[in-house]
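Visitor: Sequential numbering from 101 applies to the sequence shown in my numbering.
My questions will all concern the structure given below.
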Amino acid sequence: MKRIWDSQNEEPLYAINEATLQRRIQEKGSSISYWLSLNEWVLIGVTLLAGVVLLVDAILEGSAWHQIASAIIVLPIPVYVYLMRQGRQQRELQFDDTMLGDLDKAV
């Protein structure tokens with residue numbers, strides 16, 4: 101950002117390097133996308149593991165109906181998170197490959 105003096109209005113103006121701004125927006129967007137993706141995969145893995153452990157433990161014990169019910173409740177969560185991830189990725193493809201599109205996607 102450069103400060104420029106406007107002699108007509110006697111006030112400072114500011115100029116922004118557009119290429120640098122767009123590069124920084126894209127870098128921030130990539131960083132956000134990376135952490136969001138990592139968070140989704142960890143959530144999928146943890147809930148899938150928890151559901152399988154609950155189910156296997158209930159089967160081995162034989163009479164733990166509440167563990168089977170818990171597994172039935174927990175196991176659809178990774179599927180839901182995966183489907184929401186796919187939808188988010190499809191929505192990201194709809195943004196223009198411009199600075200405004202990158203800003204909209206980052207927000």
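For glycine and all other residues, C-beta sits at the position ideal for the given N, C-alpha and C.
Model, not experiment: these values are computed from the prediction.
Does residue 204 pass the burial test, meaning 16 or more other C-beta atoms within 10 Å, or should it be called exposed?
Guide: Locating residue 204 in the sequence shown gives position 104, counting from the first residue. Burial call: exposed.
Visitor: With H, G and I counted as helix, E and B as strand and the rest as coil, what does DSSP make of residue 168?
Guide: Residue 168 sits at position 68 when you count from the first residue of the sequence shown. In the structure shown, residue 168 sits in a helix (DSSP, three-state: H, G or I).
Visitor: When the distance is taken between beta carbons, is residue 126 closer than 8 Å to residue 202?
Guide: As a working mapping, residue 202 is identified with position 102 in the sequence shown. As a working mapping, residue 126 is identified with position 26 in the sequence shown. Yes, Cβ-Cβ distance for residue 202 and residue 126 is below 8 Å.
Visitor: Does DSSP classify residue 161 as helix, strand or coil?
Guide: Counting from one through the sequence shown, the residue named residue 161 turns up at place 61. If DSSP states are grouped into helix, strand and coil, residue 161 belongs with the helices.
Visitor: When you compare the region 133-147 with the region 177-190, are there three or more beta-carbon pairs, one atom per stretch, that lie closer than 8 Å?
Guide: Counting Cβ pairs under 8 Å, three or more are found: they touch.
Visitor: Taking only three categories from DSSP, how would you classify residue 132?
Guide: Position 32 of the sequence shown, counted from the start, is the residue given in the question as residue 132. Reduced to three states, the DSSP call for residue 132 is helix.
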